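Read through the structure below, which is laid out as structure tokens, and then see the notes.
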Amino acid sequence: MNYDEVGATRSGILPDGYHHVRRRELIGSGRTAFDAAADTLMTWEMHRQSLPRVRPSRGRVEVGSTVSMVTGFRCEVVYVVDEPDRIGFAYGTLGGHPECGEESFLVEFDAGDVYVVITAFSRPGTWYAQLAGPVGRWAQQRITDRYVAALRR
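Following our numbering, the numbering of the sequence shown begins with 5 at its first residue and continues without gaps.
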């Protein structure tokens, strides 16, 4: 990992000195919708529908698996959540990634409704990511929108 706060998205207490993303969106209702969204998430399909050139090291998400996205930048899964009404994972950036940080993706079944919860903290890890500034934050927001849309399908 290229950051120290590995696993911090699990508690929801995000570290200072990073840009934070917290998003919870209703994506459906019923157990069938939950199961479908969970499968889309845990098979990397959400990422494949949202980003070009997604190459996971394994077919299903598991701790220690890696994923290469867009231009070859890699992340590693740092934890997995597998509960009856909550499923998901978090990955962290690896060396060479232009950003430093972690992002978690959860699908929750709550009183019959299905939600996606995306939590992240990140900061530039390279001069060119620093230079991108607001454009980088805008891109992160657009990608988050795509993740939500992929889980609504």
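From the three backbone atoms N, C-alpha and C, an ideal C-beta is built for every residue, glycine too. Keep in mind that this is a model prediction, so the values were computed, not measured.
*Which one or two residues does DSSP pair with A124 in a beta bridge?*
A124 is bridged to V25, E107.
*With DSSP as the reference, please indicate the residues paired to Y7 in a beta bridge.*
Y7 pairs with nothing; no bridge assigned.
*Going along the chain, which residues of its own chain have a beta-carbon closer than 7 Å to the beta-carbon of R26, five neighbours each way excluded?*
Once the five neighbours on either side are set aside, the close Cβ partners of R26 are T123.
_Let me confirm a value: A115 is counted as buried when at least 16 other C-beta atoms fall within 10 Å, else exposed. Which label applies?_
With fewer than 16 other Cβ atoms from the protein chains shown falling within 10 Å of its own Cβ, A115 counts as exposed.
*asked:* Less than 8 Å between the C-beta atoms of F109 and L45, yes or no?
replied: Contact: yes.
*To the nearest angstrom, report how far apart Q145 and W48 are at their CA atoms.*
Straight through space, the alpha carbons of W48 and Q145 are spaced by roughly 19 Å.
*Buried versus exposed call for E87 [16 or more other C-beta atoms within 10 Å across all chains shown]*: E87 is exposed by the Cβ-count criterion.
_Going by DSSP, what residue range makes up the beta strand (DSSP E) through T70?_
Taken as a continuous stretch (DSSP letters only), the beta strand (DSSP E) holding T70 covers 70 to 73.
*asked:* Taking 8 Å as the limit between beta carbons, can you name the residues of its chain near R62, skipping five residues before and five after?
replied: Closer than 8 Å at Cβ, skipping near neighbours: S69.
*State buried or exposed for T36, treating a residue as buried only when at least 16 other CB atoms are found within 10 Å of its CB.*
So T36 counts as exposed.
*Tell whether a beta-carbon distance below 8 Å holds between V74 and F93.*
No; because the gap between Cβ atoms is not below 8 Å, this pair is not in contact.
*Which of helix, strand or coil DSSP assigns to T148*: Correct three-state label for T148: helix.
_Spatial neighbours of G21 within its chain, please: C-beta separation below 7 Å, excluding the five flanking residues on both sides._
Residues R127 of the same chain have their beta carbon placed closer than 7 Å to that of G21, with the five preceding and five following residues left out of the count.
*For my contact list, E112 and R90 are in at a C-beta cut-off of 8 Å; report their separation, rounded to the angstrom.*
Yes, they are in contact, since the Cβ atoms of E112 and R90 sit about 5 Å apart, within 8 Å.
*Expressed to the nearest angstrom, what Euclidean distance is found between the alpha-carbon atoms of R157 and R28?*
R157 and R28: Cα-Cα distance of roughly 16 Å.
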